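Quick notes on the structure that follows.
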Amino acid sequence: MPGAIYAEGLVKTFGNVRALDGVDLEVPEGTVLGLLGPNGAGKTTTVRCLTTLLRPDSGKAVVAGLDVLKQPDAVRRSIGLSGQFAAVDEYLTGRENLQMVGQLYQMKAKAAKARADELLEQFNLADAADRTAKTYSGGMRRRLDLAAALVVSPPVMFMDEPTTGLDPRNRQQLWEVIKQLVSGGTTLLLTTQYLEEADHLAHDIAVVDHGKVIAQGTSDQLKARTGGERVEVVVHEREHIQSASALLDKYSLRGAGQGDTTVEDHMRKITTPVSGGAKLLAEIIRDLDTNGIEIDDIGLRRPTLDDVFLSLTGHVAEAKDDEDTKETAK
Amino acid sequence: MSAVTDTVRVTAPGNPVGRSIRDSLVVARRNLIRMARIPEMLIFGLFQPIMFVVLFTYVFGGSIQVGSSSSTQAYREFLMAGIFAQTVTFATAGAGAGIADDMHKGLIDRFRSLPMSRGAVLTGRTMADLVQTALTLVVLAVVAVLVGWRTHENFGKVLVGFGLLLLLGYAFSWIGALIGLSVRTPEAATSGGLIWLFPLTFISNAFVDANQMPSFLRHIAEWNPFSATVQACREMFGNLPPGFQTPDAWPMQHPVWASLIWSVLIIAFFRTLAVRKYRSAA
Ligand SMILES: Nc1ncnc2c1ncn2[C@@H]1O[C@H](COP(=O)(O)OP(=O)(O)OP(=O)(O)O)[C@@H](O)[C@H]1O
Ligand SMILES: [Mg+2]
C-alpha cells in the first residue's frame, strides 16, 4: 500500500515556466515529510497539486488512499491545508472564521462553535477571539489560519511554511501542536525555509529544486551525504594562518571527496574535513601548541541541514550554469 | 475515544442539494456579516442612483418628452423604473469585486480545499448581494416617493415589479461573479463590472422613450434584456406616460414574461460558466 501521501511524476507548467518537472514523493502514514527548497523551487505548486487546488499536467497523486485527480471531493474530506499566505476573512472575528470553516466541513453550527473555542484556546487566540482578523498581527493571522486547517483534525495535513512570521515562543508551541497531531496518527507534509524546523519535526526530508526532488532521506542520511566532520580553527595572529593551514592539512581528509582545507582570511579561520572525533581534536590542539601557534577558538563541526541545503541546491545551480556555458561555447 | 474519531472523519452528507443550500447559507451569512461591518459599501452604492434621481427629475425633467407628454410629473414617474433597474445591475460590480478580493486574499483557495459544495461560494455571495440590492431598493424607493414618484396599480402588481427588479439584480450578480473570477484585482473587477453597464442601460428605454430613438438603436433597445424589466415595472407600477405607444417587439408586448425569461437565461448561462471557472481557478 502506498503511503498516506504519494506522488509520482508530477508535472505542471505555467506558460513556459516548468514549475514541477516530475516530482516523486512518498510519505508513510503517521510521519512528517519536510519539503525543503529555495524560492521558486516548486514547493507551493506541489502542495497545491496534492490538495486538489491545481490540476497537474501529468503524473499521479494519491492522498489518504484516494486518487487526487479522480476523487477530489473525497480527498478534501481527508485533508487540512494551511497555505503559504494566511487565508482568513479580515472582516470576521477569529471565532467566526473558525466556525465558518467548521460548518463548511459539514459540522453542525453548535459543534463548529465549540471546536472554534477549543482551537482559539490552543493557539493563544482566546483573548482576541471576538475581534475582527483585520486587527490581528501577522503572526496572529498565521495562527488563525493554522487553526482553520486543524478544525476537523483530518488524517492528512499540508502546511506551507507554517511558522514563517511566528515569534520563537509561538513557533515552539506550534511545534508541540504538530508533534501531538503526529503522535495521534496524522500524516503531515510541511514546507519550510527553516532547516532547524525540518530537523526537529520531520522524519524524512525531501530537497526540491527546479521542480524536482533532488535528494530525499532522513536528516542524518542527508548530512552524511554532504560529508563528515570538520575541524575549525581560529588563530590569534594573522601571520600564523599559513603555518596553521599547513599543519591542519596533515590531518585533512582532502582528496577523499570531502572538500578541501579552506581559509577565511578576515576571520583568521581555517576549516578542514577530518574523521576521528574528539581524540583527533586533542591531538591537533597539542600539535598547534608545540608549534607555538596561539588559537582563539577550535571546534569540531558536524554538517547542519544548512550545509546540506546549500551544497545540494548550490551544486545543481552551478552544474546547470556549466551546461549553459558549454552550449553557448559550441 | 469516540469523541476523537467523531471529529476525525468527515462524512459525505447524503443529500447534495441540501448540502449545497446549507453551504451557500453559511457563505451568504459570512458575506452579510462583512457588509454589516463595511457599511460604506452600501452607502456609496446609494450615492449614484440618488444623484440620478435628483439630476434627471430636476435638471432634465421638464425637457424630455415621453409618450405624448412633456410634463415633469409624467417623466418623473416614467424615470423611476429605469433608475431602479440600473441600480440593481450595479450588483455586478459588488459581486465581482468581492470575489476578486477573495481570490486575491487566498480565501478562494481555502474554500476550494474544503469538502463543500462546488457552487456554494458563488451562490452565497450572490445571495448576500441580493439582500444588499433589496436594501438599496427600499432606500431608493423612499427617496423616489419624496421627489414625487407614485404608483397607480394595486399593491400585488407593485410587488411583482420589485420582484422582477430583484431577479434582474440577482442575474447580473452572476455576471459579476464570472468577472471577479477572471480578473486579477478587485479594482479591475469593479471597473470591469461597470463599464459595459453604461451603454447597456443607456441604449434602452430606461431614461428616454425608445420610440423616439433612430430605428437601429430602437431595435437594440427593444430587445435589450434590461428594457424588458424596465417596461414590466412601468406596467406594474402604472407609470406608463399618457399617450405611450407600446412597441410591437415581443419583449415590449409581454414585458413581464420577457423579463423573467431574460433573467433566468442569464442566471443559467453565467452560473454555469462561473461555477466551471471556480472549479478550475488557479
Ligand atoms: N500561477 C502561476 N502562474 C505562473 N507561474 C507560477 C504560478 N505559480 C507558480 N509559478 C511559478 O512556478 C515556480 C514554482 O513556484 P512555487 O510557488 O511552487 O515555488 P516555492 O518553492 O513555493 O517558492 P517559495 O519558497 O518562494 O514559496 C516559480 O517559478 C513560480 O514563478
Ligand atoms: Mg511557496
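Here the protein sequences line up with chains Z and U, keeping their order. Under this note's numbering, the first residue of the first sequence is numbered 407, with each subsequent residue one higher. Under this note's numbering, the first residue of the second sequence is numbered 41, with each subsequent residue one higher. Cβ atoms here follow ideal geometry from the backbone N, Cα and C, with glycine treated the same way. Treat the numbers as computed from the prediction; the structure is a model and nothing was measured.
query	result
Residue 719(Z) CB to nearest heavy atom of ligand 2 below 7 angstroms	no
Limits of the unbroken alpha helix (DSSP H) element including residue 255(U)	255–263
Buried versus exposed, by CB contacts within 10 Å (16 or more), residue 707(Z)	exposed
DSSP beta-bridge partners of residue 612(Z)	441(Z), 622(Z)
Residue 146(U): CB within 7 angstroms of a non-hydrogen atom of ligand 1	no
Proximity below 8 angstroms, CB of residue 428(Z) to CB of residue 618(Z)	yes
Members of the region 127–147 of chain U near chain Z, C-beta cut-off 8 angstroms	145, 146, 147
Chain-ordered residues of the region 69–83 of chain U with a beta carbon less than 7 angstroms from chain Z	70, 73, 74, 77, 78
Length of the line joining the Cα atoms of residue 236(U) and residue 137(U)	15 angstroms
Residue ranges of each beta strand (DSSP E) within the region 619–704 of chain Z, 3 or longer	636–641, 668–670, 675–679
Coil, strand or helix - residue 564(Z) by DSSP	strand
Min CB distance residue 155(U) to chain Z below 8 angstroms	yes
Proximal residues to residue 591(Z) (C-beta, below 6 angstroms), its chain only, five neighbours per side dropped	436
CB contact below 8 angstroms: residue 580(Z) versus chain U	no
The beta strand (DSSP E) enclosing residue 229(U), as first and last residue numbers	Careful: residue 229(U) lies outside any beta strand (DSSP E), inside the alpha helix (DSSP H) at 226–234.
Straight-line gap, residue 299(U) to residue 493(Z) (C-alpha atoms, nearest Å)	39 angstroms
Boundaries (first-last residue) of the alpha helix (DSSP H) holding residue 72(U)	56–77
Cβ-heavy atom distance, residue 571(Z) to ligand 1, below 7 angstroms	no
Through-space distance from residue 527(Z) to residue 575(Z), alpha-carbon basis	15 angstroms
Any non-hydrogen atom of ligand 2 within 7 angstroms of residue 418(Z) CB	no
Three or more C-beta pairs below 8 angstroms linking the region 486–506 of chain Z and the region 542–561 of chain Z	yes
Among 595(Z), 611(Z), 593(Z), the one whose alpha carbon lies nearest that of residue 601(Z)	611(Z)
Nearest residue (CA-CA) to residue 630(Z), options 701(Z), 465(Z), 679(Z), 559(Z)	679(Z)
Short CB-CB distance (under 8 angstroms) between residue 501(Z) and chain U	no
Minimum Cβ-Cβ distance from residue 715(Z) to chain U less than 8 angstroms	no
Cα-Cα separation, residue 128(U) to residue 238(U)	13 angstroms
Extent of the continuous beta strand (DSSP E) to which residue 116(U) belongs	Not the beta strand (DSSP E): residue 116(U) falls in the alpha helix (DSSP H), residues 112–129.
Outcome for residue 409(Z) when other beta-carbon atoms lying within 10 angstroms are tallied against a minimum of 16	buried
Cβ contact check for the region 207–217 of chain U and the region 304–322 of chain U: 3 or more pairs under 8 angstroms	yes
Cβ shell of residue 134(U) (< 6 angstroms), same chain only, five flanking positions each side left out	169
Where residue 603(Z) sits in the DSSP three-state scheme	helix
Same chain, Cβ closer than 7 angstroms to residue 697(Z), five either side skipped, listed in chain order	649, 653
C-alpha distance - residue 620(Z) paired with residue 585(Z), whole-angstrom precision	27 angstroms
Where residue 497(Z) meets chain U, residues with beta-carbon distance less than 8 angstroms	73, 74, 77, 78
Residue of 107(U), 275(U), 141(U), 269(U) minimising C-alpha distance to residue 190(U)	275(U)
Same chain only: Cβ atoms within 7 angstroms of residue 60(U), ignoring 5 sequence neighbours per side	157, 159, 160
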